[in-house]
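Residue numbers (the numbering used here): 20 to 455. Okay, so here's the structure we're looking at.
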């Protein structure tokens with residue numbers, strides 16, 4: 020590894036839970052490139068995030084719990100400081116390529132008071148961007164075949180017949196190729212579109228050539244939000260194709276880094292944004308079926324893969340059982356880059372970079388979640404819970420023993436608790452008061 024600050028690539032897949040990846044024991048899909056990444060680096064068994072993408076992304080990008088900065092689904096505060104700003108201000112070359120969807124999420128007939136709110140991609144702090152869904156929801160178009168891509172202030176006109184993740188990966192590779200010899204390192208954020216609905220053929224699917232995506236059809240009065248939910252007939256059988264293609268394009272990027280001699284100089288982190296879709300069931304170890312829990316606050320909604328690679332810095336083939344939550348990524352990459360937070364910057368997360376380098380670090384004793392979807396189709400509500408590897412306590416009082424009840428079907432009532440259960444409640448309950 021050179022003496023200069025490391026390059027950083029942060030990849031986040033969409034709607035892909037822990038059970039999907041082969042390295043985690045998943046057997047329904049072929050994920051050889053992520054499995055290889057785990058063999059060459061470190062994978063975490065207890066990484067947890069919010070049950071939906073926007074809450075997770077806000078925590079990931081800011082290091083803050085959602086109650087500090089969440090203004091609505093598909094929105095981020097227009098003046099919020101994220102890792103795009105922090106790394107650009109620190110002299111990094113910065114690029115985002117993938118899904119934005121953090122400005123003006125609501126269609127005209129859904130919560131019109133939230134129209135044109137959020138943060139524009141132009142204001143997000145990145146030097147360059149190549150993104151899907153930069154503006155109004157009804158204008159977003161396809162993210163997969165024939166994608167609508169907004170790149171550095173202009174819509175691209177060359178995406179006919181292309182696939183969204185290929186466009187995003189190609190842009191990242193081109194960007195790195197232009198920046199790799201600079202004196203300044205690069206920070207690349209790839210919030211993937213895959214494997215979110217609609218479940219569609221990929222370029223490796225037999226149906227690819229004949230498939231005509233909704234972007235080429237009349238919407239017939241339906242909103243893109245409705246189409247996204249599958250009302251036009253998306254098919255969960257294509258989830259397998261999408262998982263495997265997303266694995267393939269990630270492999271293209273890691274291969275490029277190695278071919279250019281950048282592997283040892285680049286910290287690559289891969290994480291999921293929430294659990295798998297609820298209409299997809301996957302096998303682990305050939306005998307345990309796990310159905311997706313996106314949107315749910317149980318383990319199926321929050322448990323995601325986390326794999327980190329940096330040969331020469333991160334020891335190979337390590338499995339780490341430390342708890343990691345979505346607020347932890349920003350302090351981790353800041354520490355990796357040797358950067359300090361600006362004065363007054365509030366951060367809730369805890370760096371796990373020492374663990375990546377083979378040290379014990381300062382592992383979490385608990386993880387905290389403030390989940391507040393706030394969308395017109397999912398009425399505003401606040402769900403708060405705190406958990407460790409054994410116990411989970413909701414703010415409303417429900418306690419669960421995660422060793423025997425991951426699906427949270429057996430709430431433990433305070434009046435009937437054992438001493439062990441009472442001790443767990445007494446240990447976790449004060450955290451709600453600390454984080455008001």
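All C-beta atoms, glycine included, are put in the ideal place defined by N, C-alpha and C.
Take residue i and list the residues in its own chain whose beta-carbon comes closer than 7 Å to its own, dropping the five residues that flank it on each side.
i	result
residue 267	52
residue 448	412
residue 146	107, 112, 113, 114
Measuring only the C-alpha atoms, how far is residue i from residue j?
i	j	result
residue 92	residue 32	18 Å
residue 260	residue 221	6 Å
residue 353	residue 108	12 Å
residue 125	residue 156	6 Å
residue 445	residue 46	39 Å
residue 167	residue 429	46 Å
residue 314	residue 320	6 Å
residue 219	residue 127	26 Å
residue 312	residue 214	14 Å
residue 437	residue 140	52 Å
Excluding the five sequence neighbours on either side, which residues of its own chain have a C-beta within less than 8 Å of the C-beta of residue i, listed in chain order?
i	result
residue 285	25, 26, 27, 28, 276, 329
residue 355	25, 27, 286, 372, 375
residue 409	420, 421, 422, 443
residue 426	317, 318, 319
Taking Cβ to Cβ, would you say residue i is nearer than 8 Å to residue j?
i	j	result
residue 86	residue 389	yes
residue 76	residue 347	no
residue 257	residue 164	no
residue 62	residue 323	no
residue 345	residue 68	yes
residue 117	residue 205	no
residue 73	residue 99	no
residue 343	residue 130	no
residue 406	residue 386	yes
residue 84	residue 420	no
residue 377	residue 350	no
residue 203	residue 154	no
residue 341	residue 382	yes
residue 198	residue 279	no
If you compare alpha carbons, which of the options is closest to residue i?
i	options	result
residue 60	349, 89, 375	375
residue 137	96, 406, 114	96
residue 414	147, 452, 88	452
residue 227	203, 368, 264, 331	264
residue 282	122, 162, 327	327
residue 43	30, 378, 58	58
residue 502	39, 335, 290, 273	The requested residue 502 is not part of the displayed model; the chain covers only 20 to 455.
residue 316	71, 432, 332, 156	71
residue 37	168, 365, 199, 310	310
residue 298	288, 255, 262	255
residue 48	140, 262, 208	262
residue 274	336, 214, 189, 314	189
residue 288	365, 208, 340	208
By Cβ distance below 6 Å, which residues in the same chain neighbour residue i in space, the five residues on each side in sequence not counted?
i	result
residue 162	151, 183, 212
residue 210	31, 117, 118
residue 440	431
Exercise for review: May I ask you to verify whether the segment 50-65 touches the segment 259-274, counting CB pairs closer than 8 Å and requiring at least 3?
Suggested key: yes
Check your understanding: If you pair each beta-carbon of the segment 162-179 with each one of the segment 192-206, do three or more pairs fall below 8 Å?
Key -> The segment 162-179 vs the segment 192-206: no contact.
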